[in-house]
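Novice: Residue numbers 1 to 159, in full-length UniProt numbering, belong to the letters of the sequence shown in order.
One structure, as structure tokens, below. Some questions next.
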Amino acid sequence: MGRKIMEWAARSNHMGNILKKMAITTVGGLAKVVVSLLNSTTIHNSNTLLHLVRSRPNEVPFITVSNHMSTMDNPFLCGFKGFPSTDANLARWVLVIRDICFKNSVFSYFFRLGKCIPITWGGGIYQEHMNETLERLSECSWLHFLKEKYTKKMHLLDD
Numbered sequence: 001m002g003r004k005i006m007e008w009a010a011r012s013n014h015m016g017n018i019l020k021k022m023a024i025t026t027v028g029g030l031a032k033v034v035v036s037l038l039n040s041t042t043i044h045n046s047n048t049l050l051h052l053v054r055s056r057p058n059e060v061p062f063i064t065v066s067n068h069m070s071t072m073d074n075p076f077l078c079g080f081k082g083f084p085s086t087d088a089n090l091a092r093w094v095l096v097i098r099d100i101c102f103k104n105s106v107f108s109y110f111f112r113l114g115k116c117i118p119i120t121w122g123g124g125i126y127q128e129h130m131n132e133t134l135e136r137l138s139e140c141s142w143l144h145f146l147k148e149k150y151t152k153k154m155h156l157l158d159d
């Protein structure tokens, strides 16, 4: 049952998309508070990214890639000035590590509402949710990839 609920949460029509909008607005709002009040972040070339996010044709998929040092870098990136952090339609789909974000049913549901796609680090391209990644691109969605520097270090320590 938990797996089905997680998959339902990823659908664009799940509960009228209200819960997805609430999750994205909540995380985006908190990110804006942290980034603008509690941090001194500099984003280089943000105008170019914002222009591409807001003005790309609907029939064109969009892929972005970034490095990060912390598991919090991704949600806080959504808080920088001008970023559409409360718009569920403009929000990006993100590939995230299953072991970190999908530890239990509650986390799984929340992160799926937040447009996160679970992947297994080191699992290769033929794993369960990679087909969903291709579906999102065929829907011309925005898909974001993170270089998992933090996760790699953590995984190496576990070995």
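Beta carbons are placed, not taken as given, at the ideal position from N, Cα and C, and that holds for glycine.
Taking all protein chains shown into account, decide if MET1 is buried (16 or more other Cβ within 10 angstroms of its Cβ) or exposed.
Specialist: As a position in the sequence shown, residue 1 is number 1, starting the count at 1. Any answer about MET1 is weak, because its pLDDT of 44 lies below 50 and its placement is not dependable; what the coordinates show is given next. Exposed, since its Cβ has fewer than 16 Cβ neighbours within 10 Å.
Novice: Smallest Cα separation from LEU90: which of MET22, GLY29, ARG54 and HIS144?
Specialist: Locating residue 90 in the sequence shown gives position 90, where the first residue counts as 1. For LEU90, the nearest C-alpha among the options comes from ARG54.
Novice: Closest to TRP93 by C-alpha separation, out of GLY124, MET130, PHE80 and PRO57, would be which residue?
Specialist: Taking the sequence shown and counting its residues from 1, one reaches residue 93 at position 93. When only C-alpha atoms are compared, the closest one is MET130.
Novice: Consult DSSP for VAL60 and reduce its assignment to one of helix, strand or coil.
Specialist: In the sequence shown, the residue the question calls residue 60 occupies position 60. VAL60 falls in the coil class under three-state DSSP.
Novice: Assuming LEU137 is part of the beta strand (DSSP E), what are its boundary residues?
Specialist: Indexing the sequence shown from 1 puts residue 137 at position 137. Looking at the DSSP string, LEU137 is not in any beta strand (DSSP E); the run it does join, the alpha helix (DSSP H), is 130-138.
Novice: Measure the alpha-carbon distance for LEU95 versus HIS144 and round it to whole angstroms.
Specialist: Here residue 95 corresponds to residue number 95 of the sequence shown, with the count starting at 1. Here residue 144 corresponds to residue number 144 of the sequence shown, with the count starting at 1. Cα to Cα, the separation comes out at about 7 Å.
Novice: On a CA-only basis, which of LYS115, ASP87, ILE119 and SER46 is nearest ILE100? Give me that one, please.
Specialist: By 1-based counting over the sequence shown, the position of residue 100 is 100. Of LYS115, ASP87, ILE119 and SER46, the residue nearest in Cα terms is ILE119.
Novice: Using DSSP with H/G/I as helix, E/B as strand and the rest coil, what is LYS21?
Specialist: Translated into the one-based positions of the sequence shown, residue 21 becomes position 21. Helix at LYS21.
Novice: Quick test of your reading: SER36 and GLY82, contact by CB under 8 Å. State the CB separation rounded to the nearest angstrom.
Specialist: Within the sequence shown, numbered from 1, the residue matching residue 36 stands at position 36. Within the sequence shown, numbered from 1, the residue matching residue 82 stands at position 82. Not really, about 11 Å apart at Cβ, beyond 8 Å.
Novice: ALA88 to TRP142, Cα distance in whole Å?
Specialist: Within the sequence shown, residue 88 is the residue found at index 88, counting from 1. Within the sequence shown, residue 142 is the residue found at index 142, counting from 1. Each residue's alpha carbon lies about 11 Å from the other.
Novice: In whole angstroms, what is the alpha-carbon distance linking TRP121 and ARG98?
Specialist: Locating residue 121 in the sequence shown gives position 121, where the first residue counts as 1. Locating residue 98 in the sequence shown gives position 98, where the first residue counts as 1. Looking at the two C-alpha atoms, the distance is approximately 8 Å.
Novice: What's the C-alpha gap between LYS147 and GLU59?
Specialist: Along the sequence shown, read from residue 1 onward, the residue named residue 147 stands at position 147. Along the sequence shown, read from residue 1 onward, the residue named residue 59 stands at position 59. One C-alpha to the other measures close to 27 Å.
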